[in-house]
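Sequential numbering of the sequence shown, starting at 545, is according to our numbering.
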Amino acid sequence: FRLGAVICDAPARAFIKQIKNVNAYYGCERCCVKGDYVDKVVYDSVSERLRTDADFLSVIDDCHRIGTSPLLACKVGIITSFPLDPLHLVYLGVMRRILNLWLKSPRDAHFRLSPEAISTVNDRLKSLNAYLPREFSQRARS
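The following block contains the structure:
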């Protein structure tokens with residue numbers, strides 16, 4: 545069979561690929577940038593050498609790996625077969641901005657939610673808890 549892609553979040557990708565997490569100095573999955581510590585690890589370069597499946601196989605980037613991925617034996621492209629999940633890269637930041645606009649804008653802003661609307665949203669979110677599977681570790685909260 546042929547494996548087209550492995551879909552998982554960032555911590556699972558790091559575990560399966562046996563690489564450092566995204567908050568490590570050499571944690572970027574797509575390029576060889578070294579992060580700098582400025583209250584947290586940040587990557588301030590966009591022109592670093594890109595990682596390739598061949599580089600991963602030849603262990604060129606030792607600072608990025610923490611072990612040997614079991615997928616190497618399956619001939620899976622460790623770089624190309626793992627698409628990055630947009631949830632944490634795009635949607636989380638966008639949703640955070642929207643929530644800040646809705647909740648923290650000046651009171652006269654036409655898009656700010658009223659206290660009644662916020663209460664309604666909170667109640668509806670909490671009512672969804674009854675429908676979540678037990679395996680979901682995070683419940684809706686206000």
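Yeah, the Cβ is synthetic: ideal placement off N, Cα and C, and Gly gets one too. In this text, all values refer to a predicted model and were calculated from it rather than measured experimentally.
Residue i in three-state terms, based on DSSP
{"i": "Cys618", "result": "helix"}
{"i": "Ile551", "result": "coil"}
{"i": "Ile623", "result": "coil"}
CA nearest to the CA of residue i, picked from the options
{"i": "Gly548", "options": "Tyr569, Asn666, Cys618", "result": "Cys618"}
{"i": "Cys572", "options": "Leu628, Leu616, Ser613, Leu601", "result": "Leu628"}
{"i": "Arg574", "options": "Gly637, Lys648, Arg593", "result": "Arg593"}
Presumed contact (8 Å Cβ cut-off) between residue i and residue j, rounded CB distance
{"i": "Ile563", "j": "Ile610", "result": "6 Å"}
{"i": "Ala568", "j": "Val582", "result": "That pair is no contact at about 15 Å."}
{"i": "Leu615", "j": "Ile622", "result": "7 Å"}
**Q.** Within the region 566-615, ranges of the alpha helix (DSSP H) (whole runs, at least 4 residues)
**A.** 597-601
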